[in-house]
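Numbered per UniProt numbering, the sequence shown finishes at 630, counting up by one with no gaps.
The beta-carbon is built from N, C-alpha and C at its ideal position, and this holds for glycine as well.
Just so we're clear, the structure is a prediction, and the values are computed from it rather than from any experiment.
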Amino acid sequence: MKNQIPKKQNNSFDVIVIGAGHAGLEAAFIASKLGLKVGLFNLNTRNIANLPCNPSIGGPAKGVVTREIDALGGIQAIAADANKIQIKKLNYSKGPGVWAYRAQIDKETYHSWFLEQIEKEPNLHLVLEEVISLERELIDEKWRITGVQTNNAFYICKAVIVTTGTYLKAELYREKKFADSGPEDNPASNKLSDIFKSWDIDLLRLKTGTPPRVYKDSIDFSSLERDDNNNDSISFSFREPKSLPLDEQLFCYLTNTTEETKKIILDNLDELGTYNGAICGTGPRYCPSIEDKYIKFPSREIHHIFVEPVARNYDFYYLAGLSTSLNKDLQEKLVRSLKGFEKARIKSYAYSIVYDAINPIQLHKTLELKKISGLYFAGQINGTSGYEEAAAQGLIAGINASLKILGKPPLVLRRDEAYIGVMIDDLTSKGVREPYRLLTSRAEYRLLLRNDNADERLMSKGFEIGTIDKETYLRFKATQEDIEHNISFLKNNYASKYRLTTGEEGPLTIFSWLSRTTSKYEMVIEAAGDKLRPLSLESMEKLMIKVKYEGYIKNQESRINKVEKWKKISLLGISDYRKISNLSREAIEKLNLEKPITIDDAMRIEGINLNDIFWIKAFLDADIKGRSYS
Numbered sequence: 001m002k003n004q005i006p007k008k009q010n011n012s013f014d015v016i017v018i019g020a021g022h023a024g025l026e027a028a029f030i031a032s033k034l035g036l037k038v039g040l041f042n043l044n045t046r047n048i049a050n051l052p053c054n055p056s057i058g059g060p061a062k063g064v065v066t067r068e069i070d071a072l073g074g075i076q077a078i079a080a081d082a083n084k085i086q087i088k089k090l091n092y093s094k095g096p097g098v099w100a101y102r103a104q105i106d107k108e109t110y111h112s113w114f115l116e117q118i119e120k121e122p123n124l125h126l127v128l129e130e131v132i133s134l135e136r137e138l139i140d141e142k143w144r145i146t147g148v149q150t151n152n153a154f155y156i157c158k159a160v161i162v163t164t165g166t167y168l169k170a171e172l173y174r175e176k177k178f179a180d181s182g183p184e185d186n187p188a189s190n191k192l193s194d195i196f197k198s199w200d201i202d203l204l205r206l207k208t209g210t211p212p213r214v215y216k217d218s219i220d221f222s223s224l225e226r227d228d229n230n231n232d233s234i235s236f237s238f239r240e241p242k243s244l245p246l247d248e249q250l251f252c253y254l255t256n257t258t259e260e261t262k263k264i265i266l267d268n269l270d271e272l273g274t275y276n277g278a279i280c281g282t283g284p285r286y287c288p289s290i291e292d293k294y295i296k297f298p299s300r301e302i303h304h305i306f307v308e309p310v311a312r313n314y315d316f317y318y319l320a321g322l323s324t325s326l327n328k329d330l331q332e333k334l335v336r337s338l339k340g341f342e343k344a345r346i347k348s349y350a351y352s353i354v355y356d357a358i359n360p361i362q363l364h365k366t367l368e369l370k371k372i373s374g375l376y377f378a379g380q381i382n383g384t385s386g387y388e389e390a391a392a393q394g395l396i397a398g399i400n401a402s403l404k405i406l407g408k409p410p411l412v413l414r415r416d417e418a419y420i421g422v423m424i425d426d427l428t429s430k431g432v433r434e435p436y437r438l439l440t441s442r443a444e445y446r447l448l449l450r451n452d453n454a455d456e457r458l459m460s461k462g463f464e465i466g467t468i469d470k471e472t473y474l475r476f477k478a479t480q481e482d483i484e485h486n487i488s489f490l491k492n493n494y495a496s497k498y499r500l501t502t503g504e505e506g507p508l509t510i511f512s513w514l515s516r517t518t519s520k521y522e523m524v525i526e527a528a529g530d531k532l533r534p535l536s537l538e539s540m541e542k543l544m545i546k547v548k549y550e551g552y553i554k555n556q557e558s559r560i561n562k563v564e565k566w567k568k569i570s571l572l573g574i575s576d577y578r579k580i581s582n583l584s585r586e587a588i589e590k591l592n593l594e595k596p597i598t599i600d601d602a603m604r605i606e607g608i609n610l611n612d613i614f615w616i617k618a619f620l621d622a623d624i625k626g627r628s629y630s
């Protein structure tokens, strides 16, 4: 492409990041931390670090990802802790494999906080221009990215990270009309899509939406169920922990749909863009609109709606679970059909957005495009949904773009190392047909990928690549040594010696005694405190998980080792997967369709999980054994 504006040295960056949402910010900050000159391109400052949908960070699997980002030197956890207005532990009545944190975030201060951080970062330069084109050149029969064109200048770079979110050829749908617009009426980015098409990059058309916001003074909170806060001592970040006292936390509330809600939806299906044919994009399976809930689950009469604060200084609430493409008049009726919302006034109406995304199967696990060196994609443009998924991809793309420029090996996380590894493996090996959301069920090794041990799994990697500083790393190592010292004491001393048991049960180590359901670590501290190193509450929790779940953790590690050895085993002898007992219908259909050659190939098929692989291996073993006797 011939550039109208000459290439100038002062217009050059090491890394250019297009888009300043969750993925873009993570990519820009981590590349800057690694010492590279970064250009962060965005249309305006208004949508930097924006929370256009749910004003929250975390949740099952997603909250663990935020902690993994922190362990690798990223910024989302610190940002969330600095701007949270409520934080909760989720799934604490279940096993630690599904524990997670979730925080309500102040939309207003989150945005301003990030603007301040950008100002403080010397290697990071904010450029408020629209990127309208990219340039590449062919070197040794391989395409390489060389720069970006805006309306005002050409900028040279060594790597480009595209993090355009839902803005690429975005069309906002409301009142039965489409408008070229991104979330919250921000301008769409239209020209890059044409560039990608001309480069034979496979694009998808996806859909998302957001619910209405309602003025606080029009809600009857006495009719709602209050969702009480449960913790004032937790934080996402290991590196810079920051708690929030309970008396400073805001409440969320819960209401339900009614028979009238259902009637409004079912009587007006022809008004809905997703059902009258107007909207063609594929929407998120795990964050459905209210109309999808009634159509797909017709026997369910009631659906929960979560009423969430958006910011301390805002006078309106977010209605999670009520996204819709109904027109304004029907939205008024819909909202007022909810208990406690009979007199509600809507601050902003729900809308749907369709946008372009790339099929991520075209990417390496570094998130670099296979066909063009130096071109990376991260966030919702890769077909994912959620702030946490976006930030994690931005982090990995930013790290790998930087490491490549610095001539260092890439960072690729395995499925047994991080939820981030699970997500990127899913995206790059299976692709997407609908917006991808991280779930605990996607992880075969979720007991290893816990909320408590993200630092243990990943901080050493961050230190090795230079995203974790020495002081932080030494503090982490000291904590780990204290935990291991105490575990060693528990394993090498008998409970009877410290009168934790009578001795009548035979020799029982403190470790074995503590693994029982009713035993508590505080009892050990009381009996043998002078032999133990002091631990924080979080470190005590880590220790107890290691004690009580040691057998399960070892079993999962053993399963990982087995599967690694099985990957090259041939499946050509299986003509029909219906012969294998206990496989799900989905697994049978997909295996019969794809006809994988090896177990490794089978593992890469969307919807195939670790249990399916074990049933396949058991079938193969039984078949071999049967033939040996015949």
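Own chain residues within Cβ distance below 8 Å of residue i, not counting five before or after
| i | result |
| --- | --- |
| Y498 | I510, V524, A527 and A528 |
| A311 | P55, I85, D106, K107, E108 and T109 |
| I483 | L535, S539, K542, L543 and K546 |
| N451 | G63, V64, R67, P96, W99, A100 and Y101 |
| M1 | Below a pLDDT of 50, predicted positions are generally treated as unreliable, and M1, at 29, falls in that range; the measurement from the model is reported next regardless. If we look at M1 and ignore the five residues flanking it on each side, its Cβ neighbours are S133, E135 and Q149. |
Same chain only: Cβ atoms within 6 Å of residue i, ignoring 5 sequence neighbours per side
| i | result |
| --- | --- |
| I201 | I358 |
| K328 | Y349 |
| L572 | none |
| G182 | Y167, A170 and A188 |
| N3 | Note that N3 scores 31 on pLDDT, short of 50, meaning its location in the model is unreliable; the coordinates nonetheless yield the value given after this. Closer than 6 Å at Cβ, skipping near neighbours: F154. |
| N91 | V98 and W99 |
| L610 | E444 |
| D623 | none |
Within 8 Å, strictly: CB atoms of residue i and residue j
| i | j | result |
| --- | --- | --- |
| T163 | E129 | no |
| E26 | Q76 | yes |
| R102 | G63 | yes |
| I381 | G35 | no |
| G209 | I69 | no |
| E586 | G607 | yes |
| L192 | V131 | yes |
| I195 | V17 | no |
| K214 | K343 | The residue asked about is misnamed: residue 214 is Val in this sequence, not Lys. No. |
| K94 | S223 | no |
| A28 | V38 | yes |
| T501 | L490 | no |
| G383 | L204 | yes |
| N47 | N190 | no |
| S243 | N123 | no |
Delimiting residues of the beta strand (DSSP E) encompassing residue i
| i | result |
| --- | --- |
| K580 | Rather than Lys, the amino acid found at residue 580 in this sequence is Ile. Here I580 belongs to no beta strand (DSSP E), and DSSP marks it neither H nor E. |
| V547 | Counting along the chain, V547 falls outside any beta strand (DSSP E), though it belongs to the alpha helix (DSSP H) covering L537 to K548. |
| Y376 | L375 to F377 |
| E171 | E171 to R174 |
| A344 | Looking at the DSSP string, A344 is not in any beta strand (DSSP E), and its letter there is neither H nor E. |
| K84 | K84 to L90 |
| G24 | No beta strand (DSSP E) holds G24; the alpha helix (DSSP H) holding it covers H22 to K33. |
| R136 | V131 to I139 |
Opening and closing residue of the alpha helix (DSSP H) in which residue i lies
| i | result |
| --- | --- |
| residue 632 | Limits of the chain in this structure are 1 at one end and 630 at the other, which puts residue 632 out of reach. |
| Q393 | Y387 to I405 |
| N486 | K470 to K491 |
| residue 665 | For the chain, the structure presents residues 1 to 630; residue 665 sits outside this window and is missing. |
| T467 | No alpha helix (DSSP H) holds T467; DSSP gives it neither H nor E. |
| I290 | I290 to K296 |
Beta-carbon separation (whole angstroms), residue i vs residue j, contact threshold 8 Å
| i | j | result |
| --- | --- | --- |
| S373 | I145 | 7 Å |
| A159 | N11 | With 8 Å as the limit, A159 and N11 do not qualify as a contact, their Cβ atoms being about 16 Å apart. |
| residue 631 | Y436 | Residue 631 cannot be examined here, being either before or after the span of the chain that is shown, 1 to 630. |
| D455 | D315 | Contact flag wrong, Cβ pair sits at about 39 Å. |
| F306 | I219 | At roughly 13 Å, the Cβ-Cβ gap does not stay under 8 Å, so F306 and I219 are not in contact. |
| L413 | I405 | Rounded, the Cβ-Cβ distance is 20 Å, inconsistent with contact. |
| N229 | K365 | 39 Å between Cβ atoms; not a contact. |
| H22 | A390 | 4 Å |
Close-in-space but distant-in-sequence residues of the same chain around residue i (CB under 7 Å, 5 per side omitted)
| i | result |
| --- | --- |
| L266 | Y294 |
| Y521 | L514, M540, L543 and M544 |
| L334 | T261, I264, T324 and L326 |
| D227 | F251, C252, Y253 and L254 |
| I588 | Y577 and R578 |
Minimum Cβ-Cβ distance from residue i to chain D less than 8 Å
| i | result |
| --- | --- |
| E129 | The structure shown contains no chain D, having only a single protein chain. |
Q | the segment 163-181 in contact with the segment 323-343 per 3-pair CB rule at 8 Å | A | yes
Q) Would you say the segment 530-547 touches the segment 576-592, given that touching needs at least three Cβ pairs under 8 Å? A) no
Q: Could you tell me whether the segment 442-455 touches the segment 384-404, using the rule of 3 or more Cβ pairs below 8 Å?
A: no
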